[in-house]
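**Q** Have a look at the structure that comes next, please.
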Amino acid sequence: MSKSPISAQLREQVRRRAELPLRCSYCQSQELVTGVQLTIDHILPESLGGVSTLDNLCLACWECNLRKGSRVSGFDDQTQSELRLFNPVVDEWNAHFAWSPDGIVIQGLTAIGRATIATLQLNRSSLTRSRKLWRVAGWHPPSA
Ligand SMILES: [Zn+2]
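Position in the sequence shown (first residue = 1) + 93 = my numbering.
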């Protein structure tokens, strides 16, 4: 399977479709806050036949994109089951995830949410450390 390149035009369409502030579709880290341009993630990975069309693309930070890799499912400890990952194009973030009251930790509201948190490590220590600082500055959590 050869990779289909994402044109500059398609990249721009993905960015224009996204809610502001621009953020990772998974961990919600904001591009403006991290200073690192978001990547374009293939929701169904190219290695599994995913194509470069708007409905299969979303914004993701480098670290979430790397951890997602070619994965399409993850394990939820609570239900002891393997589930598909959160799909940012068809699923609502707020339906599957919520911020802890202090805004530092992403909590899974559903089995899909929990499986995605575990697989992408959405509460990795590098993020929780930064979230504490972002919160002090009033930059976090992102409000839509
Ligand atoms: Zn992320």
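Each residue gets a CB set at the ideal place from its N, CA and C atoms; glycine is no exception.
Measuring straight from C-alpha to C-alpha, what distance separates residue 230 and residue 101?
**A** 33 Å
**Q** How about residue 151: is its Cβ closer than 6 Å to a heavy atom in ligand 1?
**A** It does not: the Cβ of residue 151 is nowhere closer than 6 Å to a heavy atom of ligand 1.
**Q** Can you give the Cα-Cα distance for residue 168 and residue 161, rounded to whole angstroms?
**A** 13 Å
**Q** How is residue 204 classed by DSSP in three states: helix, strand or coil?
**A** Reduced to three states, the DSSP call for residue 204 is helix.
**Q** Is any heavy atom of ligand 2 found at a distance shorter than 6 Å from the C-beta of residue 193?
**A** Ligand 2 is absent from the structure shown, which contains only ligand 1.
**Q** Output the boundary residues of the beta strand (DSSP E) element that contains residue 120.
**A** Bounds of any beta strand (DSSP E) do not take in residue 120, whose DSSP letter is neither H nor E.
**Q** With distance defined between alpha-carbon atoms, name the residue in 201, 200, 205, 194 nearest to residue 180.
**A** 205
**Q** Would residue 94 be called buried (16 or more neighbouring beta carbons within 10 Å of its own) or exposed?
**A** Per-residue confidence for residue 94 stands at a pLDDT of 45, beneath the threshold of 50, marking its modelled position as unreliable; the derived number appears in the next sentence. It counts as exposed.
**Q** What does a CB cutoff of less than 8 Å around residue 203 pick up in its chain, not counting 5 residues either side in sequence?
**A** 188, 189
**Q** Is residue 123 close to chain C, meaning its C-beta is less than 7 Å from at least one C-beta of that chain?
**A** Structure shown: chain C not included; a single protein chain is present.
**Q** Can you tell me whether residue 201 is buried or exposed, with buried defined as 16 or more other CB within 10 angstroms of its CB?
**A** buried
**Q** Are the Cβ atoms of residue 235 and residue 196 separated by less than 7 Å?
**A** no
**Q** Can you find the residues in the same chain that come closer than 7 Å, C-beta to C-beta, to residue 182, ignoring five residues on each side of it along the sequence?
**A** 136, 148, 151
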